[in-house]
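In order, the protein sequence lines correspond to chains A and B. Per the numbering used here, the first sequence starts with residue 1, numbered consecutively. Per the numbering used here, the second sequence starts with residue 1001, numbered consecutively. Accompanying notes for the structure given below.
Protein chains: 2
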Amino acid sequence: MGEEIPKIIIGRLPLYLRVLRRLKNEGEVYASSQELGEMLDISGAQIRKDLSHFGELGKRGTGYEIEFLIEKIRQILNINQVWNIAVVGIGDVGHALARYNGFVNRGFKVTAIFDSNEKKVGTEVQGLVIRDIKDLKEVIHKEDIKIAAVATPASAAQSVTDSLVENGIKAILNYAPIYLKVPDDVLVEYIDPAIHLQKLSYYLG
Amino acid sequence: MGEEIPKIIIGRLPLYLRVLRRLKNEGEVYASSQELGEMLDISGAQIRKDLSHFGELGKRGTGYEIEFLIEKIRQILNINQVWNIAVVGIGDVGHALARYNGFVNRGFKVTAIFDSNEKKVGTEVQGLVIRDIKDLKEVIHKEDIKIAAVATPASAAQSVTDSLVENGIKAILNYAPIYLKVPDDVLVEYIDPAIHLQKLSYYLG
DNA sequence: TAGATTGTTAATCGATTAACAATC
DNA sequence: TAGATTGTTAATCGATTAACAATC
């Protein structure tokens, strides 16, 4: 129970959740590891192994009860609650994030948006007022925000990150095309479309 | 030489490229594997091992010549050319992609944008006219497009993908929150902010 | 009971790290 | 030459897969 779960397994749980939700929507009640594996292009053995870290979640001979497994994974990932998210930098990407409806029911809600441009501050996006980046401290504490998305230009990303960390942010989704320096107890995930495309072009010869 | 390079190594090359470019901008001429490793939070040994797959690219006692290594990695990744990109689905995400300037100088250029909404078709984004999705075939061939980004709603993503594949697209950057079924010779990379956030929230207890 | 599928062990496979001779 | 750092081998570590007894 107390064992450390490998990061790579945690990384697959959200994918399991996504296909389980789809199956549930389609009216399915049970799913076997093989069935799930085929939908994700991974082996059934791997899915069983991954899930076994969290207890005996399936029924021999039957498979996994979808509704139960969804609830279980939501618990494991701590998304049986809604996390408030701050978005910093309301350019195209920040704007898209603020309006993104893929967060609904997946555990997250953008509740604060920031920019440093005086012309943007005070205007609204999706019913949220863009706040001045100077108000970071106040808003983060008031809204009890622990996760932030950095969508500023690369030049501003590190200093914005430093402010976020200083104000208690523990996890960052970084869209700026640089590696962010953060303390060991702060987590960062990177999203950079150019990086993803560069992986693809290798194989296009 | 003829050996297959592990996918995980190819995945790191774009990151190496990014820090090398940064060092070059800062006026540096040489970088050691340890220095690069510290900037990326990986070991120098791993960087040396990765690069050794492509020849003897460094100088013992000195490190790697930055400009040379950048050029070499660009060659390996096939981004010493510009790939035309099609973006399908011009909602917030598609719009952000069309206007994204992080592609410049990194090997890619959005040259065609598509939507199925008649009200959007014909309007311009970043100097590009939104084309009807029915014109996929014509435009893809005319512009010699091999890579596409899918930024449609989940419900349309698979059928759009099928059309793309039918028309010769070999690599897809998928923003729709579903797993896409494609033939073995077509590559897909996935970007889903909710999935990334779910990985983070696990660690927030 | 017969059939199906889990949970788990052991075997395999692959990636990372440590260490150091080669060499700039 | 002395110092530094690569390229590479061997050792270690970790992840995936195969196989099957347990059991629903």
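Where is the CB? At the ideal position from N, CA and C, for every residue including glycine.
Close CB contacts of Ile85 of chain A within its chain, under the 6 Å cut and outside five residues either way in sequence, are with Phe108, Val110, Ile147 (chain order). Annotation for Asp1132 of chain B: Val1121 place their beta carbon closer than 6 Å to its own, counting only its chain and skipping 5 residues before and after. The criterion of a C-beta distance shorter than 8 Å is satisfied by Ile140 of chain A and Ile169 of chain A. Contact between Leu1015 of chain B and Leu187 of chain A fails: their C-beta atoms lie close to 17 Å from each other, not under 8 Å.
Under DSSP, Lys1170 of chain B takes part in no beta bridge, so it has no partner. Across the segment 1179-1203 of chain B, CB contacts with chain A closer than 8 Å involve Tyr1179, Leu1187, Glu1189, Ile1191, Asp1192, Pro1193, Ala1194, Ile1195, His1196, Leu1197, Gln1198, Lys1199, Leu1200, Ser1201, Tyr1202, Tyr1203, in sequence order along the chain. Counting the other Cβ atoms within 10 Å of the Cβ of Thr1123 of chain B gives fewer than 16, which makes it exposed.
As the crow flies, the alpha-carbon of Glu1166 of chain B is around 26 Å from that of Ala1096 of chain B.
For Phe1054 of chain B, the secondary structure class from DSSP, reduced to helix, strand or coil, is coil. Residues of the segment 116-131 of chain A with a C-beta atom less than 9 Å from some C-beta of chain B do not occur. In terms of beta-carbon proximity, Gly1205 of chain B lines the interface with chain A, with at least one pair separated by less than 8 Å. Here Leu180 of chain A has Val150, Ala157, Gln158, Thr161, Ile172, Asn174, Val188 as same chain residues with Cβ atoms under 8 Å from its own Cβ, once five neighbours each way along the sequence are excluded. For the C-beta of Lys1146 of chain B, the chain A residues within less than 7 Å are, from N- to C-terminus, Leu204. Residue range 1187-1190 is occupied by the beta strand (DSSP E) that includes Tyr1190 of chain B. Within 10 angstroms of the beta-carbon of Lys137 of chain A lie fewer than 16 other beta-carbons, which makes it exposed. Contact between Leu1020 of chain B and Ile1066 of chain B holds, since their C-beta atoms are separated by about 5 Å, short of 8 Å.
From the beta-carbon of Pro1006 of chain B, no residue of chain A is found nearer than 8 Å; the closest lies around 12 Å away.
The bridge partners DSSP lists for Asn1078 of chain B come to none. By the Cβ neighbour-count rule, Leu204 of chain A is exposed, with fewer than 16 other Cβ atoms within 10 Å of its own.
For Asp1092 of chain B, there is no enclosing beta strand (DSSP E); the enclosing alpha helix (DSSP H) has its first and last residue at 1092-1099. For Val129 of chain A, the uninterrupted beta strand (DSSP E) segment begins and ends at 128-132. Collapsing the DSSP output to three states places Phe1114 of chain B in a strand. Looking at the DSSP output, Asn1084 of chain B bridges to B:Lys1109. Lys170 of chain A has a beta carbon lying within less than 8 Å of a beta carbon in chain B.
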